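Counted from 1, the sequence shown has number 492 at position 492 by this note's numbering; the numbering is strictly sequential. All residues carry an ideal CB built from backbone N, CA and C; glycine is no exception. Here the structure is a predicted model, which means the values were calculated and not measured. Working notes, beginning with the structure itself.
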Amino acid sequence: PPVFGARVKSVDAAAARAVEGVRDVFEIPLAKGTGVAVVADKFWPAKRARDLLKIEWDFNGVERADSSQLLARYKQLARTAGMSSVARGDAKALDSVAPANLIVAEYEFPYLPHAPMEPLNTTVRFDGDRAEAWAGSQFQTFDQMAIAEVLGLKPEQVTFHTEMAGGGFGRRAVTDSHVQREAAVIAKRLRGTPVKLVWSREDDIRGGYYRPMHVHRVEVGVGADGMPSAWRHVIVGQSLLAGTPFAMMMKDGVDNSSVEGVSDTHYNLPNFNVTVHHPAVNVPVLWWRSVGHTHSAYVMETLIDELAARAKVDPIAYRRKLLKPEAKKLRSALDLMDERSAAWRRRLPKGHAVGFSCHESFGTGVACAVEVSLANKRPRIHRATVAVDCGIAVNPLTVESQFQAGVAFGLSQLMAKGAVTLKDGVVEQRNFDGYVPPYMPDAPVAVDVHVVPSAEPPSGCGEPPVPVISPAVVNALSKLTGKRYRSLPLVAV
Numbered sequence: 001p002p003v004f005g006a007r008v009k010s011v012d013a014a015a016a017r018a019v020e021g022v023r024d025v026f027e028i029p030l031a032k033g034t035g036v037a038v039v040a041d042k043f044w045p046a047k048r049a050r051d052l053l054k055i056e057w058d059f060n061g062v063e064r065a066d067s068s069q070l071l072a073r074y075k076q077l078a079r080t081a082g083m084s085s086v087a088r089g090d091a092k093a094l095d096s097v098a099p100a101n102l103i104v105a106e107y108e109f110p111y112l113p114h115a116p117m118e119p120l121n122t123t124v125r126f127d128g129d130r131a132e133a134w135a136g137s138q139f140q141t142f143d144q145m146a147i148a149e150v151l152g153l154k155p156e157q158v159t160f161h162t163e164m165a166g167g168g169f170g171r172r173a174v175t176d177s178h179v180q181r182e183a184a185v186i187a188k189r190l191r192g193t194p195v196k197l198v199w200s201r202e203d204d205i206r207g208g209y210y211r212p213m214h215v216h217r218v219e220v221g222v223g224a225d226g227m228p229s230a231w232r233h234v235i236v237g238q239s240l241l242a243g244t245p246f247a248m249m250m251k252d253g254v255d256n257s258s259v260e261g262v263s264d265t266h267y268n269l270p271n272f273n274v275t276v277h278h279p280a281v282n283v284p285v286l287w288w289r290s291v292g293h294t295h296s297a298y299v300m301e302t303l304i305d306e307l308a309a310r311a312k313v314d315p316i317a318y319r320r321k322l323l324k325p326e327a328k329k330l331r332s333a334l335d336l337m338d339e340r341s342a343a344w345r346r347r348l349p350k351g352h353a354v355g356f357s358c359h360e361s362f363g364t365g366v367a368c369a370v371e372v373s374l375a376n377k378r379p380r381i382h383r384a385t386v387a388v389d390c391g392i393a394v395n396p397l398t399v400e401s402q403f404q405a406g407v408a409f410g411l412s413q414l415m416a417k418g419a420v421t422l423k424d425g426v427v428e429q430r431n432f433d434g435y436v437p438p439y440m441p442d443a444p445v446a447v448d449v450h451v452v453p454s455a456e457p458p459s460g461c462g463e464p465p466v467p468v469i470s471p472a473v474v475n476a477l478s479k480l481t482g483k484r485y486r487s488l489p490l491v492a493v
């Protein structure tokens with residue numbers, strides 16, 4: 001359906017059935033609403049036939065989300081206190097801060113698709129008393145159980161083959177297993193015949209399950225020493241856990257995946273208050289590689305950089321001073337990044353600037369320095385030096401490749417056409433023409449990865465590279481343009 005949760009009112013499939021190779025056309029239930037399946041001998045006739053369907057949709061009782069309206073609603077919510085996540089020190093400390101010593105920053109983050117290069121797909125064969133499935137999956141147990149439920153089998157009666165994912169980034173870890181359920185429904189009707197369900201690129205861009213849209217509003221009091229004296233932070237965004245089997249992980253209504261990276265910051269921030277609103281919206285949302293850290297690191301690291309510039313203090317020295325004594329992994333990563341990037345930072349060409357960031361996620365401390373210039377009003381990243389403290393690096397080459405690729409992925413949220421927007425309930429983008437991920441010219445020319453020697457247990461490496469790159473690039477841009485960038489994607493610089 002063009003709007004999430006809509007149902008089929010009527011379908012004219014005459015033209016679709018006339019396409020050579022089409023076997024059947026029928027309505028199926030979806031995770032929300034209903035849809036129409038076209039079964040053919042090959043993908044292309046199935047796709048051609050689907051495009052010929054004439055469907056009348058029933059939108060009764062279905063919310064038609066609109067990005068501009070949601071943004072206005074979120075901004076209004078951000079001006080009010082939400083559910084408490086952290087309350088430390090004097091909650092009223094900001095009330096006595098003079099306007100000249102107060103920074104008020106409002107950040108906007110859009111819905112983001114995962115856009116794995118291999119479109120979503122699952123193959124299921126149902127033989128009556130057994131079934132077999134093939135899928136690139138991040139949630140095999142959930143998917144196996146979902147297929148069994150649809151087919152009236154026990155999970156052990158479903159043999160599940162995990163294939164190479166062709167990219168996941170969280171998109172193949174869906175608690176409702178909607179692609180597997182749809183494939184099983186179709187396979188049940190075609191008993192004995194293997195059925196491969198393919199979501200086209202257009203299906204994936206328009207079909208939902210995005211990183212949630214967020215608004216952050218932060219008020220920071222600045223002391224005479226240039227350090228934060230008080231910090232009030234309100235986050236607005238849909239919960240990833242509510243309504244899923246993981247809802248039990250929420251505490252007092254707060255989804256920690258929305259506030260992580262802020263509520264557990266490794267900076268020593270006095271009079272620190274964090275609250276969150278979780279509005280219910282008819283847009284399916286899902287974790288995106290590095291989950292809440294994608295937006296929280298951007299907010300924290302661009303603000304810390306702004307505070308350092310205001311205090312006229314070197315941004316690395318400022319971070320060192322502000323980090324908690326126990327933030328050992330971040331300190332070690334920051335020190336190694338400083339050491340390994342010092343030589344090229346001293347030789348910056350005219351029109352180039354360096355930006356920094358550091359962030360800890362999934363037990364891993366990461367620090368990043370980037371060399372950036374402007375080309376055609378877009379950032380050009382010449383070099384990135386990344387240092388990582390992940391405990392024992394079991395395979396340093398794997399760590400290096402994860403960080404090089406994760407840095408490229410993390411740039412997704414900066415791309416000028418890197419957002420998903422909705423108008424009257426319908427996603428406005430449909431393919432890589434409307435949603436444009438990073439391409440070769442957008443990626444750093446070189447990414448140097450350095451691993452802190454450690455004897456500690458190993459921690460995450462697949463997700464921690466993602467949060468650091470965007471704030472580092474934007475911090476460099478701010479030096480080049482004198483602007484602060486609080487709204488993503490970067491439509492213009």
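Would Val-3 and Ala-16 qualify as a contact pair, given that the criterion is a beta-carbon distance under 7 Å?
As a first step, residue 3 is located in the sequence shown; it is residue number 3 there, counting from the start. As a first step, residue 16 is located in the sequence shown; it is residue number 16 there, counting from the start. No; because the gap between Cβ atoms is not below 7 Å, this pair is not in contact.
In chain order, which beta strand (DSSP E) runs of at least 3 residues are fully inside the region 135-171?
158-162
Taking all protein chains shown into account, do 16 or more other C-beta atoms lie within 10 angstroms of the C-beta of Phe-403, making it buried, or fewer, making it exposed?
Position 403 of the sequence shown holds residue 403. That one is buried.
So does the region 349-367 actually touch the region 259-270, counting three or more Cβ pairs closer than 8 Å?
yes
Taking only the alpha-carbon atoms, compute the straight-line gap between Arg-125 and Leu-307 and give it to the nearest angstrom.
Translated into positions along the sequence shown, residue 125 becomes position 125. Translated into positions along the sequence shown, residue 307 becomes position 307. So the two alpha carbons sit approximately 59 Å from each other.
Enclosing beta strand (DSSP E) for Arg-88 [first to last residue]
Taking the first residue of the sequence shown as position 1, residue 88 is located at position 88. Residues 83-88.
Kindly indicate the opening and closing residues of the alpha helix (DSSP H) around His-178.
The residue you call residue 178 lines up with position 178 of the sequence shown. Looking at the DSSP string, the run of the alpha helix (DSSP H) that includes His-178 is 178-189.
With DSSP as the reference, label Trp-44 as helix, strand or coil.
As a working note, residue 44 is residue 44 in the sequence shown. Trp-44: helix per DSSP, three-state reduction.
Cβ separation of Ala-476 and Val-354, assumed to be a contact under 8 Å, to the nearest whole Å:
Position 476 of the sequence shown holds residue 476. Position 354 of the sequence shown holds residue 354. Right, their Cβ atoms sit about 6 Å apart.
So for Phe-356, helix, strand or coil by DSSP?
Looking up residue 356 in the sequence shown gives position 356. Of the three classes helix, strand and coil, the one that applies to Phe-356 here is strand, per DSSP.
Taking only the alpha-carbon atoms, compute the straight-line gap between His-114 and Gly-391 and give it to the nearest angstrom.
The count along the sequence shown starts at 1 and reaches residue 114 at position 114. The count along the sequence shown starts at 1 and reaches residue 391 at position 391. If you take the alpha carbons of His-114 and Gly-391, they lie about 28 Å apart.
Taking DSSP as the reference, what is the three-state secondary structure of Leu-286?
Within the sequence shown, the letter at position 286 stands for residue 286. Of the three classes helix, strand and coil, the one that applies to Leu-286 here is coil, per DSSP.
Based on the DSSP secondary-structure assignment, which residues constitute the bridge partners of Ile-235?
Position 235 of the sequence shown holds residue 235. According to DSSP, which records beta bridges pairwise, Ile-235 is partnered with His-216 and Val-276.
Tell me which same chain residues have a C-beta within less than 8 Å of the C-beta of Val-276, skipping the five on either side of it?
Within the sequence shown, the letter at position 276 stands for residue 276. Once the five neighbours on either side are set aside, the close Cβ partners of Val-276 are Gly-82, Met-83, Ser-85, Val-234, Ile-235, Val-236, Gly-237, Val-254, Asp-255, Ser-258 and Val-259.
Own chain residues within Cβ distance below 8 Å of Pro-437, not counting five before or after:
For this step, residue 437 is matched to residue 437 along the sequence shown. Counting only Cβ-Cβ distances below 8 Å, and skipping sequence neighbours, we find Ala-115, Ser-412, Met-415 and Gly-418.
Counting C-beta neighbours from all protein chains within 10 Å, is the total for Tyr-496 16 or more, i.e. buried, or is it exposed?
Look at the range of the chain in this structure, 1 to 493, and you will see that residue 496 is not part of it.
Nearest-angstrom Cα distance between Val-468 and Glu-360?
One-based indexing of the sequence shown puts residue 468 at position 468. One-based indexing of the sequence shown puts residue 360 at position 360. Near 9 Å, if we compare the C-alpha coordinates of Glu-360 and Val-468.
The region 288-295 in contact with the region 93-104 per 3-pair CB rule at 8 Å:
no
Can Ser-341 and Thr-385 be called in contact, C-beta distance under 7 Å?
Walking along the sequence shown from the start, residue 341 turns up at place 341. Walking along the sequence shown from the start, residue 385 turns up at place 385. Against a cut-off of 7 Å, the Cβ pair of Thr-385 and Ser-341 comes out as a contact.
From Asn-271, Lys-32, Pro-119 and Ser-459, residue whose alpha carbon lies closest to that of Ser-229
The residue labelled residue 229 in the question sits at position 229 within the sequence shown. Ranking Asn-271, Lys-32, Pro-119 and Ser-459 by Cα distance to Ser-229 puts Asn-271 first.
Taking the alpha carbon of Gly-33 as the point to measure from, which residue in Ala-148, Gly-61, Thr-302 and Phe-109 has its own alpha carbon closest?
Locating residue 33 in the sequence shown gives position 33, counting from the first residue. Measuring from the Cα of Gly-33, the nearest candidate turns out to be Gly-61.
Provide the residue(s) that pair with Pro-379 in DSSP beta bridges, ordered along the chain.
The residue labelled residue 379 in the question sits at position 379 within the sequence shown. Looking at the DSSP assignment, Pro-379 forms a beta bridge with Leu-374.
Using the Cβ count rule (16 or more neighbours within 10 Å means buried), how would you classify Thr-122?
Start at 1 with the first residue of the sequence shown, and residue 122 comes out as number 122. So Thr-122 counts as buried.
Tyr-111 classed as buried or exposed, judged by whether at least 16 other C-beta atoms fall within 10 angstroms:
As a position in the sequence shown, residue 111 is number 111, starting the count at 1. Counting Cβ neighbours within 10 Å, Tyr-111 comes out buried, since at least 16 surround it.
Find out if the Cβ-Cβ distance for the pair Phe-356, Pro-325 is shorter than 7 Å.
Walking along the sequence shown from the start, residue 356 turns up at place 356. Walking along the sequence shown from the start, residue 325 turns up at place 325. The answer is no: Cβ separation not under 7 Å.
For Glu-163, the nearest candidate out of Arg-347, Ala-148, Leu-151 and Glu-132 (CA to CA):
Here residue 163 refers to the residue found at position 163 when the sequence shown is read from its first residue. Closest by alpha carbon: Glu-132.
Let's see if you can read the secondary structure: which residues bound the alpha helix (DSSP H) around Val-11?
Along the sequence shown, one-based indexing puts residue 11 at 11. Here Val-11 belongs to no alpha helix (DSSP H); instead the beta strand (DSSP E) covers 7-12.
Who are the Cβ neighbours of Val-497 in its own chain at under 8 Å, not counting the five residues just before and after it?
With the chain represented from 1 up to 493, any question about residue 497 goes unanswered, as that position is not in the structure.
Take Gly-5 and list the residues in its own chain whose beta-carbon comes closer than 7 Å to its own, dropping the five residues that flank it on each side.
The count along the sequence shown starts at 1 and reaches residue 5 at position 5. Lys-32, Gly-33, Val-62 and Asn-282.
If you follow the alpha helix (DSSP H) that Glu-106 is in, where does it begin and where does it stop?
Translated into positions along the sequence shown, residue 106 becomes position 106. Careful: Glu-106 lies outside any alpha helix (DSSP H), inside the beta strand (DSSP E) at 102-109.
Could you compute how far the alpha carbon of Val-427 sits from the alpha carbon of Asp-225?
As a position in the sequence shown, residue 427 is number 427, starting the count at 1. As a position in the sequence shown, residue 225 is number 225, starting the count at 1. Taking the straight line from one Cα to the other gives about 48 Å.
Just to confirm, is the Cβ distance from Glu-106 to Arg-217 under 7 Å?
To locate residue 106, count along the sequence shown from 1; it is residue 106. To locate residue 217, count along the sequence shown from 1; it is residue 217. Cβ atoms of Glu-106 and Arg-217: closer than 7 Å.
Is it buried or exposed, Met-440, if we count other Cβ atoms within 10 angstroms and call 16 or more buried?
Position 440 of the sequence shown, counted from the first residue, corresponds to residue 440. Under this definition Met-440 is an exposed residue.
Taking the alpha-carbon positions, what's the Val-220 to Gln-140 distance?
Stepping through the sequence shown from its first residue, residue 220 is reached at position 220. Stepping through the sequence shown from its first residue, residue 140 is reached at position 140. Looking at the two C-alpha atoms, the distance is approximately 44 Å.
With a CB to CB cut of under 6 Å and the five nearest residues on each side skipped, what residues in its chain are close to His-214?
Your numbering for residue 214 matches position 214 in the sequence shown. Correct list, in chain order: Phe-109, Gly-237 and His-295.
Residue from Val-452, Tyr-435, Ala-146 and Ser-373 whose Cα sits closest to the Cα of Leu-30:
Within the sequence shown, residue 30 is the residue found at index 30, counting from 1. Measuring from the Cα of Leu-30, the nearest candidate turns out to be Ala-146.
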